[in-house]
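J.:
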Amino acid sequence: MAIENIQGTVSEIIFQNEENGYTVARMNTDEGEVTVTGCLATVKMGETIRVSGEWKSHEMYGLQFKAESFMPATPSSVSGILAYLSSGSIKGIGPKLAEKIVHTFGVETLLVLQTSPEKIMKVDGIGKKKAKKIMESFAQDREIRNIMMQLIPYGIGSTYCLKIYKKYREKAMNIIRENPYRIAQDIPGIGFKTADSIGMKMGIDPLSKGRIEQGIIHSLKNGALSGHSYLPREVMCKKASELLGVCKSAIEMQVYEMAAQQLIHIENGGDDQKVYLFPYYIAESGVCKKLVQIASADIEELEIDIKDRIDSIERKNSISLAKKQREAVEKAAIGGITIITGGPGTGKTTTINSIIELFESEKIKVKLAAPTGRAAKRMSEATSKEAFTIHRLLEVGYSADEEESVFLKDEDEPISCDALIIDEASMIDVILMYNLLKAVKPGTRLVIVGDVDQLPPVGAGNVLSDMIDSGVISTVKLDEVFRQAKESMIVVNAHRINKGDPPVLNKKDKDFFFIEAQGSSKSAQEIAGIVGSRLPAYYGLDPLKDIQVLSPMRKGDAGVGSLNLILQERLNPHSHLKEQDKIGGRVFRVCDKVMQIKNNYDKKWESEDGSEKGQGVFNGDIGYVYHIDKASKILYILFDDVKIAKYEYSETDEIDHSFCTTVHKSQGSEFEAVVMPLVWAPPMLMTRNLLYTGITRAKKLVVLVGEKRYLNEMIKNNRIQERFSSIRQRLEMFFREGILEGD
């Protein structure tokens with residue numbers, strides 16, 4: 002049958018597959034109601050669209066229109082205009098106000114909004130301020146629809162069309178035509194493959210320098226996402242060649258030209274070449290040079306007997322420091338850099354508090370920091386001192402062109418302190434560590450604390466482990482588990498697991514339990530009952546605030562995605578008393594537990610009464626949906642019981658539901674109780690350090706659910722994925738040769 006075009010208003014979405022976008026929808030057209038099927042992933046109720054396709058007869062459902070493509074269209078009928086204005090596309094207009102506007106202007110409504118928008122102030126309930134908001138939103142919607150009409154055929158969904166519009170405004174299509182790969186760099190969520198698909202459809206030569214250059218950059222960025230600071234040249238060329246579908250020689254020719262432009266850095270000769278994205282080379286070499294500077298800087302000696310002062314601190318606080326704890330305090334007092342590492346129950350907090358007390362007794366100005374908000378909060382609670390996130394400590398500002406966020410603290414404007422103590426350092430990647438060390442002035446006493454047996458950072462590098470393994474940074478490993486900590490099976494089992502021994506399970510009146518459940522689906526249902534009923538009943542725990550479900554993986558019946566759906570319905574079910582809306586295929590509901598999954602330095606927040614204001618919401622911050630404004634398409638999220646941040650619907654890719662989250666995302670956090678599924682997962686996720694990291698997030702209770710064979714497999718699997726990093730080797734060389742910045 003021939004390709005036909007039909008136009009109408011979407012009256013119902015019967016089915017929509019969130020994975021592939023396949024949709025079954027009903028449309029009201031001039032010829033009556035039509036059932037449309039096909040990839041209509043971005044369509045919304047009330048939207049007017051023009052669909053190209055052909056008629057098909059379904060043996061069960063009858064005549065249907067099978068869509069090959071679709072584009073947004075401007076509605077022309079009164080009912081279509083009403084549906085469009087009621088859909089939420091125009092900020093400030095809800096269903097009731099839409100009825101008033103359409104009743105006033107009829108079929109001329111959109112013409113009025115386009116040519117004489119001030120006339121809408123005739124409508125009851127629309128003042129000057131509201132009219133301005135409506136006019137701006139209507140104009141923006143028209144521009145976005147124009148962009149969508151041009152980009153949807155290239156496979157760009159409406160959410161990303163909006164992001165593209167916000168970034169480039171009216172220049173969007175010119176920028177994309179000139180360099181489609183730019184959107185992969187500028188628009189979070191749009192990857193190289195999408196940009197490359199657009200480029201190929203626009204006729205870009207597969208062997209063009211621009212395409213190969215972007216393919217190389219993408220391959221190195223993917224390496225960084227997997228934890229690598231660099232890729233060996235052979236590995237990088239192979240990955241880029243497979244990605245682009247071109248021969249390796251074409252990649253190798255471009256590599257050296259890119260190095261000359263300082264887009265990448267090539268190190269070492271022959272077959273042992275390492276290829277870095279230039280910022281990662283600067284960061285890795287910079288970390289090592291700054292560590293040498295800080296470690297070797299002249300520091301004013303304390304005019305006290307350090308051992309006597311430690312004795313005094315012990316008497317004052319009625320404590321007795323272990324040998325390694327005393328050693329750590331002494332080294333921190335002497336100066337330079339001191340690394341303190343150890344597992345749970347080994348006295349890291351007591352050691353930190355003793356160091357702080359010694360410093361303050363000598364009028365040494367101390368600052369405390371940790372990588373995440375939750376880790377900083379824990380540090381503050383443990384020390385009764387203010388602790389900053391590293392990002393807040395470094396003060397976020399803007400570059401000269403105001404195009405990107407930058408840290409204001411650096412060599413020229415260092416952190417104002419005489420001593421700096423950093424906790425949860427195993428989470429710090431090479432880029433963040435470089436920015437931190439740049440802002441530490443030589444002569445500062447730097448104390449770095451972390452559990453090296455936890456998971457490595459999400460970002461590139463393995464800085465804490467490399468620093469310790471280099472053997473050139475003063476390091477103290479706390480290895481004595483204290484008597485009080487030994488009463489906790491969480492602590493005991495963490496150390497047993499870390500040594501490769503099986504945990505002690507289900508001891509009466511203890512805090513570490515295993516519940517048998519066969520298969521992922523049964524484990525997930527068991528977890529829902531444990532979190533929703535049993536733990537709140539037996540322990541008085543709040544299922545949202547006190548209990549955290551941690552899964553090793555994202556996919557599968559016991560993965561983060563599935564468990565979040567199950568737990569949302571169990572812990573925060575649908576109610577006519579709670580606002581909810583479906584955004585990008587996900588249902589958000591008031592009281593939902595959510596997590597920020599990327600740093601947003603620009604996100605403004607304020608307290609409910611407006612007395613406190615600030616900006617910045619960071620990766621790992623947990624909050625709760627506070628309010629949903631459907632008319633304005635805004636989600637309000639409450640963080641830290643005080644900070645309310647607004648998210649436009651198009652920004653919700655920055656947040657995930659967090660009734661369940663990954664073990665990786667939980668690093669730096671601590672919860673009253675942790676529940677973990679132990680079911681089949683890929684071997685790279687079934688590791689000892691992942692299990693160890695998960696259970697050490699719990700303060701009072703651990704419940705493992707699943708099959709013991711997977712528990713045993715995780716304990717046996719001590720394979721740590723290799724990360725390409727040269728920090729250890731650089732540190733050894735720099736300290737050996739005394740290479741300092743500027744030499």
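Under my numbering, think of the first position of the sequence shown as 2, with each following residue one higher. Note that beta-carbon positions come from the ideal geometry of N, C-alpha and C, so glycine has one too. Every value quoted in this text rests on a predicted model; they were computed, and no experiment measured them.
Report the three-state DSSP secondary structure of Q274 (helix, strand or coil).
T.: In this structure, Q274 counts as coil in the three-state DSSP scheme.
J.: Could you pull out every residue in the same chain whose Cβ sits closer than 7 Å to the Cβ of V124, ignoring the five residues on either side in sequence?
T.: K101, I102 and T105
J.: Between the region 124-137 and the region 606-621, do at least 3 Cβ pairs fall closer than 8 Å?
T.: Counting C-beta pairs with one atom in each stretch, the region 124-137 and the region 606-621 have fewer than three that are closer than 8 Å, which means they do not touch.
J.: Taking the Cβ atom as the reference point for each residue, do E388 and A370 lie within a distance shorter than 8 Å?
T.: The residue you asked about is not Glu; residue 388 is Ala in the sequence shown. In contact: A388 and A370 (Cβ atoms closer than 8 Å).
J.: State the start and end residues of the unbroken alpha helix (DSSP H) segment that holds Y85.
T.: V79 to S87
J.: Excluding the 5 residues flanking N263 on each side, which residues of the same chain have their C-beta closer than 6 Å to its C-beta?
T.: The sequence as given places Gln at residue 263; Asn does not occur at that position. Excluding positions up to five away in sequence, the list reads F279.
J.: Let's see if you can read the secondary structure: which residues bound the alpha helix (DSSP H) around D582?
T.: Not the alpha helix (DSSP H): D582 falls in the beta strand (DSSP E), residues Q581 to I584.
J.: The alpha helix (DSSP H) spanning T347 covers which residue range?
T.: Secondary structure note for T347: it is in no alpha helix (DSSP H), with a DSSP letter that is neither H nor E.
J.: First and last residue of the beta strand (DSSP E) that includes H575?
T.: Annotation: H575 is outside any beta strand (DSSP E) and is labelled neither H nor E by DSSP.
J.: To the nearest angstrom, report how far apart G81 and T110 are at their CA atoms.
T.: 11 Å
J.: From the DSSP output, which residues share a beta bridge with Y627?
T.: According to DSSP, Y627 bridges with nothing at all.
J.: To the nearest angstrom, how far is the alpha carbon of D430 from that of V680?
T.: 29 Å
J.: May I have a chain-ordered list of the alpha helix (DSSP H) segments no shorter than 4 residues that lie completely inside the region 236-272?
T.: 249-261
J.: Smallest Cα separation from H266: which of S250, I300, K249 and A284?
T.: It is A284.
J.: Given this structure, state the Cα-to-Cα distance separating L421 from Y627, to the nearest angstrom.
T.: As the crow flies, the alpha-carbon of L421 is around 36 Å from that of Y627.
J.: Give me the DSSP bridge partner(s) of F514.
T.: V704
J.: Would L542 and T347 be called neighbours here (beta carbons separated by less than 8 Å)?
T.: no
J.: If we count Cβ pairs, one from each stretch, closer than 8 Å, do we get three or more for the region 82-89 versus the region 35-47?
T.: yes
J.: Specify whether the region 597-613 and the region 645-663 touch according to this definition: at least 3 beta carbon pairs, one from each stretch, less than 8 Å apart.
T.: yes
J.: Taking the beta carbon of R170 as the centre, do at least 16 other beta carbons fall within 10 Å, making it buried, or is it exposed?
T.: Counting of Cβ neighbours within 10 angstroms places R170 among the exposed residues, the total staying below 16.
J.: Specify the secondary structure class of G287 as computed by DSSP and reduced to three states.
T.: Helix.
J.: State yes or no: is the C-beta of R310 nearer than 7 Å to some heavy atom of the ligand PLP?
T.: In the structure shown, the ligand PLP is absent, as is every other ligand, since no ligand is present at all.
J.: Taking the straight line between their C-alpha atoms, what separation do you get for E481 and V247?
T.: 56 Å
J.: Do you know whose CA, among V52, T160 and I423, lies nearest G586's CA?
T.: T160
J.: State the DSSP-derived secondary structure class of L741, mapped to helix, strand or coil.
T.: Residue placement at L741 cannot be trusted, given a pLDDT of 46 that sits under 50; what the coordinates show is reported in the next sentence. Three-state DSSP puts L741 in coil, outside helix and strand.
J.: Cα separation between S12 and A26?
T.: 8 Å
J.: Identify, in the order they occur along the chain, each residue of the same chain with its Cβ nearer than 6 Å to the Cβ of T339, setting aside the five sequence neighbours on each side.
T.: Cβ neighbours of T339 beyond the five flanking positions: K332, A333, V448 and S475.
J.: With distance defined between alpha-carbon atoms, name the residue in Q215, A3, L208 and D142 nearest to I184.
T.: Q215
J.: Using the Cα positions of I528 and P678, report the straight-line distance between them to the nearest angstrom.
T.: 8 Å
J.: In whole angstroms, give me the CA-to-CA distance for Q65 and P503.
T.: 59 Å
J.: Would V505 be called buried (16 or more neighbouring beta carbons within 10 Å of its own) or exposed?
T.: Exposure of V505 is indicated by the presence of fewer than 16 other C-beta atoms within 10 angstroms of its C-beta.
J.: Do R212 and G200 have their C-beta atoms closer together than 8 Å?
T.: yes
J.: So I491 and A699 are supposed to be a Cβ contact under 8 Å. How far apart are they, rounded?
T.: 6 Å
J.: Output the boundary residues of the alpha helix (DSSP H) element that contains F193.
T.: F193 to K202
J.: So N147 is in the alpha helix (DSSP H); what residue range does that whole segment cover?
T.: K129 to L152
J.: Does the count of Cβ pairs from the region 568-588 and the region 684-701 closer than 8 Å reach three?
T.: no
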